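**Student:**
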Amino acid sequence: MKSKELKELHQQTLIQLQQSLKQAQAELFKARIAKATKKIKDNQVAKRIRKKIKIIKTIIREKELVK
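In terms of our numbering, the sequence shown is residues 19 to 85.
As structure tokens, then:
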């Protein structure tokens, strides 16, 4: 994930982050299906999405602890 994307995530509110998390989880599901049906050539897509999900969850937790 690029530093610009990371800064944008840090600027989002909790609600926006939760929506981003749901979207990323949906992307991960689609990537897994595509990989299983061999429609995807890049095997690292799911790995990158999982990393994005981890980062979003971490930012959500940080914002919850600040409150």
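All C-beta atoms in this analysis are idealised placements derived from N, C-alpha and C, irrespective of residue type, glycine included. Since we're looking at a predicted model, the values are computed, not measured.
Report the three-state DSSP secondary structure of threonine 76 (helix, strand or coil).
**Tutor:** helix
**Student:** Nearest by alpha-carbon distance to valine 63: which of Lys81, Ile78, Gln43 is it?
**Tutor:** Gln43
**Student:** Would you mind reading off the limits of the alpha helix (DSSP H) that contains lysine 59?
**Tutor:** That residue, lysine 59, is in no alpha helix (DSSP H); it is neither H nor E in DSSP.
**Student:** Within the same chain, show all residues whose beta-carbon is closer than 8 Å to that of leucine 46, passing over the 5 residues directly before and after it, in chain order.
**Tutor:** Ala64, Ile67, Arg68, Ile71
**Student:** Would you kindly work out how many angstroms separate the C-alpha atoms of isoleucine 73 and leucine 83, rounded to a whole number?
**Tutor:** Rounded to whole angstroms, isoleucine 73 to leucine 83 spans 15 Å at the Cα level.
**Student:** Please classify glutamine 12: does DSSP put it in a helix, a strand, or coil?
**Tutor:** The structure shown has nothing for residue 12, since the chain only spans 19 to 85.
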